[in-house]
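In the numbering used here, the protein residues as written are 2 to 297.
C-beta atoms are modelled at their ideal positions from N, C-alpha and C, and glycine is treated no differently.
Note that the structure is a prediction, hence the values are computed from the model and not measured.
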């Protein structure tokens, strides 16, 4: 079948454009420019929040388009406090990001293996996360769009420490899955499923070990709703639900139902008391930072 001359020319022009674009992308990729560009934009977006990003290794794969980095540190730019450390991460971007990364990088999924998180408060009650700004701004920046992203974290460790009350805590074998729910262009919630086991909690040199946690709920950039939170340890089992009303100041209110082993408490905190039996509690816990109040 003979094609009209103008149709042949159109097809040849289209093929030429595709080939030229492919060659340009391949050259940019092989030269390392694409990897350097995306690394710079990732660091720039974190810098807007107030976080300094450093990675020992950083690379980009084309098909599927994926950011990979290893041994990365995330620091609070205002006080140089350590926030996160990631052993390895894979961040998959949509293919459209190849053509639109001058405005936005659309994140499809994030896989993290080996995450450490540090949370601590000074004598004034300020945390190492103080000063970070998670409010999105418009104009002139390349955006990282997480509105359709799934997040999986494995082998995580969380460190919690408070100077004023000599509190130390560690959560091991953390698993976290996050997926979005877009209510409108302005409002996106992220549903999460979090679990950890074999953690420990230390208060004034007294340590509780074997702590397991499972939590489900949803979160946005200002608050979090906890639909269920179960905590099990050698001294108690507790079921909680409630809301963290302010993530910046960690202001919260929870409904709590707990069963406590008085015998186990006595062995840890004061063996001379010779406590025996079990206790139960049902009530509310209100708090902000390290300060809290119990009603019930």
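Rounded to the nearest whole angstrom, the C-alpha separation of residue 155 and residue 176 is 5 Å. It is roughly 15 Å from the alpha-carbon of residue 284 to the alpha-carbon of residue 230. In the structure shown, the three-state DSSP call for residue 244 is strand.
Non-local beta-carbon contacts of residue 56 in its own chain, meaning distances under 6 Å to residues more than five positions away in sequence, involve 70 and 73 in chain order. In this structure, the CA atom of residue 180 is about 12 Å from the CA atom of residue 112. Excluding its 5 nearest sequence neighbours in each direction, residue 241 has C-beta neighbours in its own chain below 6 Å: 230, 255 and 257, listed in chain order. With respect to the 9 Å criterion, residue 92 and residue 67 are classified as neighbours on the basis of their beta carbons. Runs of the beta strand (DSSP E) lying entirely within the region 185–251, each at least 3 residues long, are 189–204, 207–220, 225–233 and 237–247 in chain order.
In the three-state DSSP reduction, residue 36 falls in the helix class (H, G or I). Inter-residue distance for residue 212 and residue 125 is about 28 Å (C-alpha atoms, whole angstroms). Within the same chain, and ignoring the five residues on either side of residue 281 in sequence, the residues whose Cβ sits closer than 6 Å to its Cβ are 260.
Checking the DSSP bridge columns, you'll see residue 130 has no partner listed.
Boundaries of the beta strand (DSSP E) harbouring residue 58: 52–62, taken from the DSSP string.
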